[in-house]
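Read the structure below first, then the notes.
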Amino acid sequence: MTFTILASDPTRGLLAAATVSRSLAVGAGVPALRVGVGAAASQAYTNRSLRGLLLDAVASGASPATAIARIPDWDSGAAWRQAAVVTADGAVSAHTGDACTAWAGSEVGEGFVVLGNLLPGPEVLAAMVAAFEGAPDDDGVASERALAGFSRRVLAALAAGDAAGGDLRGRQSAALLVGVAPAAADAATHEPAPRDAPLAIDLRADDHVRPIDELARLLDLALDERRATG
1 MTFTILASDP TRGLLAAATV SRSLAVGAGV PALRVGVGAA ASQAYTNRSL RGLLLDAVAS
61 GASPATAIAR IPDWDSGAAW RQAAVVTADG AVSAHTGDAC TAWAGSEVGE GFVVLGNLLP
121 GPEVLAAMVA AFEGAPDDDG VASERALAGF SRRVLAALAA GDAAGGDLRG RQSAALLVGV
181 APAAADAATH EPAPRDAPLA IDLRADDHVR PIDELARLLD LALDERRATG
């Protein structure tokens with residue numbers, strides 16, 4: 001039904017969540033991102049509340065693995081859920097319930113996770129990993145160039161997954177969330193960003209023939225706007 005990447009770049013204070021699906025408006029229900037805390041996704045037979053529960057847990061000090069292990073306590077339908085969380089410091093964990101529609105699974109890399117269900121096979125996730133790890137990076141720290149490069153890397157992962165087969169039903173919608181930790185964060189107290197800290201990038205293509213291409217177009221516009229108003 002859906003494939004997703006969650007990624008963290010702790011050095012630059014960047015977090016991202018990107019997802020694509022044959023469902024309408026996947027961005028409304030699957031990804032969530034809390035600046036300075038982490039990014040989460042809940043998909044398959046989606047329980048939207050899991051996103052906030054996972055982020056609350058890691059914000060309170062739980063490891064991603066501990067937070068993911070709590071899903072059966074929070075949700076009696078855990079077997080039908082697929083979920084993941086990545087923290088601002090790059091720790092990752094994921095869950096794929098036994099009742100998720102095959103092929104379903106996840107793959108964890110350094111500071112990121114890809115996951116999907118109703119896929120032709122694991123080659124979709126392998127393509128996403130290769131694209132994310134192989135995409136050009138920027139050497140700036142907490143810069144607009146770093147934001148642009150990181151955003152395009154996660155979109156490259158989505159595009160690679162789609163090219164490798166993607167959602168067996170096709171594609172209809174996609175979303176991209178990117179957060180940047182405030183440069184003014186107190187280095188001594190390590191105070192987290194406010195819970196309602198705005199996202200740097202918050203884009204959705206809710207109903208489009210080529211939703212990933214549309215996201216790429218919107219991202220270019222958003223980055224141009226940031227440069228113009230910067």
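Numbering of the sequence shown is given in my numbering, commencing with residue 1 and proceeding in unit increments.
The beta carbon of each residue, even a glycine, is placed where N, CA and C say it ideally should be.
Contact set for residue i: own chain, Cβ-Cβ below 7 Å, skip 5 residues either direction
i    : result
R226 : E144
A91  : S63, P64
Reference residue i; option with closest CA among the options
i    : options                : result
L203 : P10, T11, A25          : A25
A102 : Y45, A131, L177        : Y45
W74  : A164, A156, A57, A159  : A57
L168 : L118, A181, G109, D220 : L118
G179 : P198, R171, G165       : P198
V35  : N47, A59, R48          : A59
L15  : A104, G116, S49, T87   : T87
L176 : G13, P10, G29          : G29
A200 : A164, T229, G116, H208 : T229
G165 : S173, P120, A148, A131 : P120
Euclidean distance between Cα positions of residue i and residue j
i    : j    : result
G268 : T2   : It is not possible to answer for residue 268, since the shown part of the chain is limited to 1 through 230.
D186 : G97  : Its pLDDT being 42, under 50, D186 is placed unreliably by the model, and nothing is read from it.
S21  : M128 : 15 Å
L125 : L215 : 20 Å
A184 : S8   : Reliability of the predicted coordinates at A184 is poor, the pLDDT of 35 falling under 50, and no value is obtained from them.
H190 : A181 : Because H190 sits at a pLDDT of 49, beneath the cut-off of 50, its placement in the model cannot be relied upon, and the following sentence gives the value as read from the coordinates. Distance between the alpha carbons of H190 and A181 is about 11 Å.
S151 : G77  : 33 Å
A17  : R48  : 15 Å
A146 : L223 : 11 Å
Other residues of its chain near residue i: CB distance less than 8 Å, five sequence neighbours each side excluded
i    : result
A188 : A caution first: A188 carries a pLDDT of 42, below 50, which makes its placement in the model too unreliable to give a value.
Other residues of its chain near residue i: CB distance less than 6 Å, five sequence neighbours each side excluded
i    : result
H95  : I68, I71, A83
R51  : A32, A40, S42
A135 : R153, A156
Extent of the continuous beta strand (DSSP E) run through residue i
i    : result
R204 : 201–205
V114 : 112–117
A293 : Lying outside 1 to 230, the shown extent of the chain, residue 293 is not represented and no answer is given.
L125 : Counting along the chain, L125 falls outside any beta strand (DSSP E), though it belongs to the alpha helix (DSSP H) covering 123–134.
G105 : 105–109
Start and end residues, alpha helix (DSSP H) containing residue i
i    : result
D75  : From DSSP, D75 is part of no alpha helix (DSSP H); its letter is neither H nor E.
D220 : 211–229
P31  : No alpha helix (DSSP H) contains P31, which is instead part of the beta strand (DSSP E) from 31–34.
G165 : Taken as a continuous stretch (DSSP letters only), G165 belongs to no alpha helix (DSSP H), as it is neither H nor E.
Contact between the segment 4–12 and the segment 73–93: three or more CB pairs below 8 Å? Contact between the segment 4–12 and the segment 73–93 is present, because at least three Cβ pairs lie under 8 Å.
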